[in-house]
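Asker: Input: one structure, supplied below.
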Amino acid sequence: MWLTASARFKRAARRGRCYSLGILADHGHSSTHSVPANIMLGFLLILSLTESVHLQQVNGQLRDGSCVCDVESLTWSFPTAKYENISNLMQDCGDALHKLQTQVEETEATMPQLLATVENVTQRLGPFQYLNSNGLYNALHLNQLSTELEQLQLVADTTHNDNPSKDTIKLSTEIAQAKVNVEKMYKDNVFNLETVKENLRLLNNRVQSCRTIPTEFRSTCSQRIMTNISSPVVTKLSSYGKSYIAGAWGREAKQGSEERYWIQPLTSGHRSGNVMRTYRTFSDFMAFKSYQDESIAPSSSHTNAIQGPGTLLYGEAVFYQCYNTRELCRYDLRTKATLRKTLPDAGFNNQFPYCYYTCFDWTDVNLSADERGLWVIYSTLGNHGNLVLSLLDADSLNVTHTWKTHLFKKSVTSTFMVCGVLYATRFVDTFREEVFYAFDTTTGQEDNTLALPLEKVAARVANLHYNPVDRRLYMYNEGYLLAYQAVF
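Going by my numbering, the residue at position 100 of the sequence shown is 107; the numbering climbs one at a time, nothing skipped.
Dropping the structure here:
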């Protein structure tokens with residue numbers, strides 16, 4: 008809008024004269040328009056930036072009680088240079104703001120890549136930080152390692168004397184070489200304990216295998232890795248409903264025992280429970296009739312209550328993690344007595360649960376059974392949170408043998424034992440898991456190239472275990488009970 012060249016102002020009559028500011032626009036041509044107040048104020052602000060503001064004195068005429076005067080705006084010149092400078096400043100400010108916005112957008116676009124790089128570097132730095140914080144590069148730890156090798160040498164020699172074979176001879180030779188390497192480290196003052204400790208772990212696993220696995224067992228079972236898993240042969244909602252997403256179910260797992268099916272839900276905060284429901288036949292289980300509820304403990308928070316979904320019914324006894332401890336419990340269904348035994352160094356209370364994208368709470372310890380007997384699967388700080396499996400004496404709960412793996416427990420969703428082989432699963436999507444890893448206790452070797460699909464009906468798996476009686480896998484899947492046939 009162009010401002011008036013001849014502005015007409017009304018003033019109260021006073022001495023017959025008027026004073027006004029003159030504003031020139033429209034290239035000096037005179038016209039008469041009304042001017043909005045906000046625009047007028049804007050141009051007054053611009054004028055205020057000039058060196059001076061001119062006043063013009065004119066004669067006015069009295070009309071209707073008001074003094075009316077004509078003002079010629081041509082008397083003043085418009086501050087064009089100042090106006091252009093201000094316009095340029097505003098343009099520069101707009102350009103700078105646009106440039107800043109562009110930089111912010113580019114930063115936001117590159118931020119995920121930067122964060123991923125930082126995370127990758129942090130993960131790669133982790134092992135070195137661990138070595139530094141735990142002081143693994145010192146003579147004291149080297150001395151401890153030498154002692155462990157001496158003990159392992161004694162076990163290997165005893166095993167060779169009891170049952171000499173090519174394997175035991177080879178083991179003794181390798182242990183002797185490891186001792187030579189440790190002595191060399193002493194002399195050269197070059198400590199690479201992580202490499203030696205890893206070698207010690209592998210040697211220990213092989214010694215454990217030679218001690219425990221009979222020849223006939225190796226030839227008939229452990230050399231056979233699962234090749235497939237069937238679609239669910241049983242898919243059923245628990246008799247407790249879907250509200251209890253954590254728990255376990257299955258069939259009595261000891262070979263030669265009577266047929267019995269069971270369900271054990273965690274009824275208190277998906278953490279603990281104290282009741283196991285049993286069915287004498289499969290038909291009773293399918294119909295949810297003729298069941299018996301067995302009280303394992305007086306309450307779900309009692310010291311003998313069940314914590315976590317790692318429970319198993321094996322040989323007329325219920326095996327589980329005792330509430331709020333790293334102890335294992337054995338509840339005898341006939342005598343109603345509870346036996347407790349500490350699981351050395353085991354993580355508990357969500358120290359090493361099963362995870363993938365998210366963790367399933369209270370899954371630090373779980374029991375499993377196969378053709379060899381009763382197992383417990385867990386993790387320890389000493390094994391850096393990686394999976395550890397121990398063979399148990401089912402009567403005393405004593406740990407008889409232990410194997411250590413390289414698989415981080417929080418990177419898997421569940422594990423189970425079949426024929427002396429530890430299998431691990433990982434999350435694929437809401438309706439699929441995948442068996443991707445196997446650790447053979449016979450050879451001490453690991454294989455992470457498996458890809459056996461496993462169907463499910465909900466996202467999270469609370470419990471998965473194998474039954475050597477019917478060679479089925481039993482899954483507790485957010486209140487759903489599923490069973491599969493293992494294929495070898």
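Beta carbons are placed, not taken as given, at the ideal position from N, Cα and C, and that holds for glycine.
How would you label lysine 411, buried or exposed, when you count the other beta carbons within 10 angstroms and need 16 or more for buried?
Answerer: Along the sequence shown, read from residue 1 onward, the residue named residue 411 stands at position 404. With 16 or more other Cβ atoms within 10 Å, it is buried.
Asker: At what residues does the beta strand (DSSP E) containing alanine 490 begin and finish?
Answerer: Indexing the sequence shown from 1 puts residue 490 at position 483. Here the beta strand (DSSP E) through alanine 490 covers 487-494.
Asker: Measure from the alpha carbon of threonine 456 to the alpha carbon of each residue in Thr285, Asn484, Lys416, Phe443, then state which is nearest.
Answerer: On the sequence shown, position 449 is the one that residue 456 refers to. Ranking the options by Cα distance to threonine 456, first place goes to Phe443.
Asker: Give the list of continuous beta strand (DSSP E) stretches no shorter than 3 residues that lie fully inside the stretch 452-488.
Answerer: Runs of the beta strand (DSSP E) inside the stretch 452-488: 452-454, 459-462, 470-474, 479-484.
Asker: Is the beta carbon of serine 279 sitting closer than 8 Å to the one on serine 308?
Answerer: Translated into positions along the sequence shown, residue 279 becomes position 272. Translated into positions along the sequence shown, residue 308 becomes position 301. In this structure, serine 308 lies closer than 8 Å to serine 279 by Cβ.
Asker: Compare the Cα-Cα distances from arginine 267 to each of Asn390, Gly254, Ala253, Arg287 and report the closest residue.
Answerer: In the sequence shown, counting from the first residue as 1, residue 267 sits at position 260. Looking at the Cα atoms, Arg287 is the closest of the given residues.
Asker: Pick out whichever of Asp400, Thr450, Arg439, Phe495 has its Cα sitting closest to the Cα of proline 239.
Answerer: As a working mapping, residue 239 is identified with position 232 in the sequence shown. The shortest C-alpha separation from proline 239 is found at Arg439.
Asker: So aspartate 291 is in the alpha helix (DSSP H); what residue range does that whole segment cover?
Answerer: Indexing the sequence shown from 1 puts residue 291 at position 284. That run of the alpha helix (DSSP H) goes 289-294.
Asker: I need the DSSP call for methionine 233, collapsed to helix, strand or coil.
Answerer: Translated into positions along the sequence shown, residue 233 becomes position 226. Methionine 233 falls in the coil class under three-state DSSP.
Asker: I need the straight-line Cα distance from methionine 424 to lysine 177, nearest angstrom please.
Answerer: Taking the sequence shown and counting its residues from 1, the one referred to as residue 424 is at position 417. Taking the sequence shown and counting its residues from 1, the one referred to as residue 177 is at position 170. Roughly 27 Å separates the two Cα atoms.
Asker: So what's cysteine 100 in DSSP terms, helix, strand or just coil?
Answerer: Your numbering for residue 100 matches position 93 in the sequence shown. The answer is helix: DSSP assigns cysteine 100 an H, G or I state.
Asker: Identify the residues that DSSP records as bridge partners of glutamate 440: which are they?
Answerer: Counted from its first residue, the sequence shown places residue 440 at position 433. According to DSSP, glutamate 440 bridges with Phe434, Leu461.
Asker: Go ahead and pull the three-state DSSP assignment for glutamine 358.
Answerer: Your numbering for residue 358 matches position 351 in the sequence shown. Of the three classes helix, strand and coil, the one that applies to glutamine 358 here is coil, per DSSP.
Asker: Ordered along the chain, which non-local residues of its own chain (more than five positions away) have a Cβ less than 6 Å from that of leucine 104?
Answerer: Reading the sequence shown from its first residue, position 97 is the one you call residue 104. Cβ within range, chain order: n/a, list empty.
Asker: CA-CA distance, leucine 399 and alanine 294?
Answerer: Within the sequence shown, the letter at position 392 stands for residue 399. Within the sequence shown, the letter at position 287 stands for residue 294. Going from the Cα of leucine 399 to the Cα of alanine 294 covers about 34 Å.
Asker: Answer with buried or exposed for proline 351, where buried requires no fewer than 16 other C-beta atoms within 10 angstroms of its C-beta.
Answerer: Within the sequence shown, the letter at position 344 stands for residue 351. With fewer than 16 Cβ atoms within 10 Å of its Cβ, proline 351 is classed as exposed.
Asker: Please identify the residue among Gln452, Leu488, Tyr327 whose C-alpha is closest to the C-alpha of lysine 463.
Answerer: Within the sequence shown, the letter at position 456 stands for residue 463. It is Leu488 whose Cα lies nearest to the Cα of lysine 463.
Asker: Sorted by chain position, which residues of the same chain lie with C-beta nearer than 7 Å to glutamate 441's C-beta, five sequence neighbours on each side aside?
Answerer: For the purposes of this step, residue 441 is taken as the residue at position 434 of the sequence shown. Result list for glutamate 441: Thr432, Arg433, Val435, Ala458, Leu459, Pro460, Leu461, in chain order.
Asker: Can you confirm whether the stretch 327-342 touches the stretch 386-394 when touching is taken to mean that 3 or more C-beta pairs between the two stretches lie within less than 8 Å?
Answerer: Judged by Cβ distances under 8 Å, the stretch 386-394 makes no contact with the stretch 327-342, as fewer than three pairs qualify.
Asker: For tyrosine 298, which three-state DSSP category applies?
Answerer: By one-based count along the sequence shown, residue 298 stands at place 291. The answer is strand: DSSP assigns tyrosine 298 an E or B state.
Asker: Alpha carbon to alpha carbon, what distance is there between threonine 166 and arginine 347?
Answerer: Against the sequence shown, residue 347 aligns to sequence position 340. Against the sequence shown, residue 166 aligns to sequence position 159. If you take the alpha carbons of arginine 347 and threonine 166, they lie about 30 Å apart.
Asker: Below 8 Å between beta carbons: does that hold for valine 383 and phenylalanine 355?
Answerer: In the sequence shown, residue 383 corresponds to position 376, counting from 1. In the sequence shown, residue 355 corresponds to position 348, counting from 1. The answer is no: Cβ separation not under 8 Å.
Asker: Using a Cβ-Cβ cutoff of less than 7 Å, which residues in the same chain neighbour methionine 97 once the five nearest sequence positions on both sides are dropped?
Answerer: The residue given as residue 97 occupies position 90 in the sequence shown. Here the set comprises nothing.
Asker: From arginine 284 to glutamine 271, what distance separates their C-alpha atoms?
Answerer: Position 277 of the sequence shown, counting from 1, holds the residue named residue 284. Position 264 of the sequence shown, counting from 1, holds the residue named residue 271. Near 6 Å, if we compare the C-alpha coordinates of glutamine 271 and arginine 284.
Asker: DSSP state of glutamate 259, grouped into three classes?
Answerer: Within the sequence shown, numbered from 1, the residue matching residue 259 stands at position 252. It is coil, neither helix nor strand.
Asker: Beta strand (DSSP E) containing threonine 318: first to last residue?
Answerer: The sequence position of residue 318 within the sequence shown is 311, counting from 1. Note, threonine 318: beta strand (DSSP E), 313-320.
Asker: Can you have a look at cysteine 74 and say buried or exposed, based on whether 16 or more other CB atoms are within 10 angstroms of its CB?
Answerer: Taking the first residue of the sequence shown as 1, we reach residue 74 at position 67. Classification for cysteine 74: buried.
Asker: So for leucine 156, helix, strand or coil by DSSP?
Answerer: Walking along the sequence shown from the start, residue 156 turns up at place 149. In the structure shown, leucine 156 sits in a helix (DSSP, three-state: H, G or I).
Asker: Going by alpha carbons, who is nearest to threonine 332 out of Glu301, Gly254, Thr349?
Answerer: Against the sequence shown, residue 332 aligns to sequence position 325. Ranking Glu301, Gly254, Thr349 by Cα distance to threonine 332 puts Thr349 first.
Asker: Thinking just about the alpha-carbon of each residue, which of Leu429, Tyr330, Ala344 is nearest to the one in glutamate 378?
Answerer: Here the question's residue 378 lines up with position 371 in the sequence shown. Comparing Cα positions, the closest option is Leu429.
Asker: What whole-angstrom Cβ distance do leucine 374 and phenylalanine 326 have, given they're in contact under 8 Å?
Answerer: As a working mapping, residue 374 is identified with position 367 in the sequence shown. As a working mapping, residue 326 is identified with position 319 in the sequence shown. Rounded, the Cβ-Cβ distance is 5 Å, consistent with contact.
Asker: Per DSSP, what kind of secondary structure is aspartate 339 in: helix, strand or coil?
Answerer: Numbered from 1 along the sequence shown, position 332 holds the residue referred to as residue 339. Here aspartate 339 sits in strand by DSSP.
Asker: Cα separation between glutamate 115 and glutamine 328?
Answerer: The count along the sequence shown starts at 1 and reaches residue 115 at position 108. The count along the sequence shown starts at 1 and reaches residue 328 at position 321. Distance between the alpha carbons of glutamate 115 and glutamine 328: 47 Å.
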